Amino acid sequence: MKKNRMKLASIILVLLFALMLSACGTTTTPPTDPTESVTEPVQSEPQDTDLVGETYIFTDSTGREVELPRKIERAASGGPLANIMIYGVQPDVLVGWSSAPSNATKKYIEEKYWDLPEYGKFYGNADDFNREALMASDPQVIIDVGEWDEEYKVQLDELQEQIGIPVILIEANLEQNPAAYRTMGKVLGNEERGEELALYCETILADAREKASSIPEEDRVKVYYAEGETGLSTIISGTIHSQIYELIGAKIVVDADSAQIQKGGGTVSLEQVLAWEPDVIMFARGSIFETVAGDASWAALEAISSDRYYEIPTEPYNWLGRPPGPNRMIGVRWLGNLLYPEIFDYDIAQEVRDFFQLFYRYELSDAEVEELLESSTLKAKNNS
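Position one of the sequence shown corresponds to residue 22 (my numbering), numbered consecutively onward.
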């Protein structure tokens, strides 16, 4: 019996020893779990110096998939809005302008960019497009900004095929400005700057929507926009050119049924303007702002006889459109303050300074602010 107990104990010891050896063997065997890759170092985004020559597929606002370099050092502008946005986000990549800065605009643009090549607009069968100048600039990408349709989408594809350079479009109506700046920042490799400008735009738009929502329908200001040598070229309600007015709670008196439609707007008669009896008239630069009060036909309008007419600031670009670009952000604040000063209660001079500092990196003097707003502030305040 004693021998049996000793034999059993020996067997148990052998089994325990075998189990210990098995456990030790398991700890030294490489794991077979398929998640083992998580223990490997995660590959980080390569540094800029490693990205030269590498590409990715970018889907532009038209839905076109375009292969772009990850690091863009040379970009061409496809139009006036692209001029402004590229300069605002990453000016050093600009290799040329679709239209060179005017003498008035140059004041707000760093001098080293003044004499970049000018090659015109490539869309709409423009006859000022200089393909040779564009190709000589050797851009890695051509960027256009604005609206589009299917016909323009085809033009983008055709140009890209003809010249062998990526061509993209970033859509940017008023409400899309924040997204457009973020996209531009990503494409040009300066997402921080794109985000900074996008946040400013979001703040402006959200504030305007909130303030305009408090304005009763019956109190909304009726506006006629006048441009051209007769003041009878205008903009149409419900279009990209009327967005600011509608955002801040004003009404453009001209609709598509009441105008002779032309590209970017339409024409009307003075009799129509008299019948609409607008509360306020906004004049584009170069129209009849300076002489309208002396014209008996126009002076029959209460807006003229009561000094409720203004000239839209245009430096460095029009604040309400023409082109409908980023300057509309300060235009939102200016127009809201002009038409509804008790609701859009801003220190407009400071708002203008802040905008120019952020978007153009330009510090305005008090005299420059006064000059910008000379014909575009409440006359009641000016005459007090």
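Glycine included, every Cβ here is placed at the ideal spot set by N, Cα and C.
Quick caveat: nothing in here was measured; it's all calculated off a predicted structure.
Compute the Euclidean distance between the alpha carbons of residue 396 and residue 358, then round it to the nearest angstrom.
14 Å
Classify residue 237: buried if its beta carbon has 16 or more other beta carbons within 10 angstroms, exposed otherwise.
exposed
Tell me, to the nearest whole angstrom, how far the beta carbon of residue 138 is from that of residue 158; I am working on the premise that it is less than 8 Å.
5 Å
Go through the region 371-395 residue by residue and report every complete run of the alpha helix (DSSP H) that reaches 4 residues or more, in order.
387-393
Whose C-beta lies closer than 7 Å to the C-beta of residue 191 among residues of the same chain, with five residues either side of it excluded?
Close CB contacts of residue 191 within its chain, under the 7 Å cut and outside five residues either way in sequence, are with 81, 82, 164, 166, 201, 204 and 205 (chain order).
Tell me which residue opens and which closes the beta strand (DSSP E) that residue 184 is part of.
Residue 184 -> not in any beta strand (DSSP E); alpha helix (DSSP H) instead, spanning 171-184.
Looking only at its own chain, which residues have a Cβ that is under 6 Å from the Cβ of residue 372, when we skip the five neighbours before and after it?
Close CB contacts of residue 372 within its chain, under the 6 Å cut and outside five residues either way in sequence, are with 354 (chain order).
Looking at C-alpha atoms only, which residue of 149, 108, 210 and 327 is the closest neighbour of residue 133?
Checked all of 149, 108, 210 and 327; the closest Cα to residue 133 is 108.
Backbone CA spacing between residue 288 and residue 335 [nearest angstrom]:
22 Å
Thinking just about the alpha-carbon of each residue, which of 90, 168 and 196 is nearest to the one in residue 162?
Comparing Cα positions, the closest option is 90.
Within its chain, find whatever has a CB closer than 8 Å to the CB of residue 235; leave out the 5 residues flanking it on each side and keep chain order.
364
So, for residue 199: in the same chain, excluding its five sequence neighbours on each side, which residues have a beta-carbon less than 7 Å away from its beta-carbon?
Annotation for residue 199: 219, 222 and 223 place their beta carbon closer than 7 Å to its own, counting only its chain and skipping 5 residues before and after.
Per DSSP, what kind of secondary structure is residue 103 in: helix, strand or coil?
helix
Neighbour-count burial assignment, residue 70, 16 or more Cβ in a 10 Å radius
Summary for residue 70: the model assigns pLDDT 38, below 50, so the residue's position carries little reliability; its value from the coordinates is reported in the next sentence. Exposed, by the Cβ-count rule.
For a test of the three-state rule: what should DSSP assign to residue 357, helix, strand or coil?
helix
Residues that DSSP places opposite residue 304 in a beta bridge
Residue 304 is bridged to 247 and 332.
Report yes if the CB atom of residue 21 is closer than 8 Å to the CB atom of residue 245, and no otherwise.
Outside the displayed range of the chain (22 to 405) lies residue 21, so it cannot be described from this structure.
From this set, 284, 240, 370 and 151, which residue's C-alpha is nearest residue 343's C-alpha?
284
Suppose the cutoff is 7 Å on Cβ atoms and the five residues either side in sequence are ignored; what does the same chain contact list for residue 264 look like?
194 and 195
How should residue 135 be labelled, buried or exposed, when 16 other C-beta atoms within 10 angstroms of its C-beta is the threshold for buried?
exposed
Three or more beta-carbon pairs under 8 Å between the region 263-277 and the region 227-234, yes or no?
yes
Nearest-angstrom Cα distance between residue 348 and residue 333?
12 Å
Going along the chain, which residues of its own chain have a beta-carbon closer than 7 Å to the beta-carbon of residue 17, five neighbours each way excluded?
Nothing about residue 17 can be reported from this structure: the residues present for the chain run from 22 to 405 only.
Residues that residue 255 bridges to, as DSSP identifies them
287
Quick one: using the 10 Å Cβ neighbour count with 16 as the cut-off for buried, is residue 248 buried or exposed?
buried
If you follow the beta strand (DSSP E) that residue 160 is in, where does it begin and where does it stop?
Per DSSP, residue 160 lies in no beta strand (DSSP E) and is assigned neither H nor E.
Measuring only the C-alpha atoms, how far is residue 66 from residue 213?
The predicted position of residue 66 is uncertain, since its pLDDT is 34 and thus under 50; a value taken from the coordinates is nonetheless stated next. Taking the straight line from one Cα to the other gives about 16 Å.
Reducing DSSP to helix, strand and coil, say where residue 209 ends up.
DSSP places residue 209 in coil when its eight states are reduced to three.
Residue 242 and residue 300 closer than 8 Å at C-beta
Their beta carbons are under 8 Å apart, which means residue 242 touches residue 300 by this criterion.
Return the CA-CA distance between residue 173 and residue 392, expressed in angstroms with no decimal places.
39 Å
Residue 260 versus 208, 296, 168 and 378, residue with shortest Cα-Cα distance:
168
Assign residue 87 to one of two classes, buried (16 or more other C-beta atoms within 10 Å of its C-beta) or exposed (fewer than that).
With 16 or more other Cβ atoms within 10 Å, it is buried.
Same chain only: Cβ atoms within 6 Å of residue 106, ignoring 5 sequence neighbours per side:
166 and 205
Starting from residue 318, follow the beta strand (DSSP E) in both directions and report where the run begins and ends.
It is not in any beta strand (DSSP E) - residue 318 instead sits in the alpha helix (DSSP H) that spans 317-320.
Let me check understanding here. Comparing Cα to Cα, which of 119, 327 and 367 lies closest to residue 154?
For residue 154, the nearest C-alpha among the options comes from 119.
Look at the alpha carbon of residue 226 and the alpha carbon of residue 376, and state the distance between them as a whole number of angstroms.
14 Å
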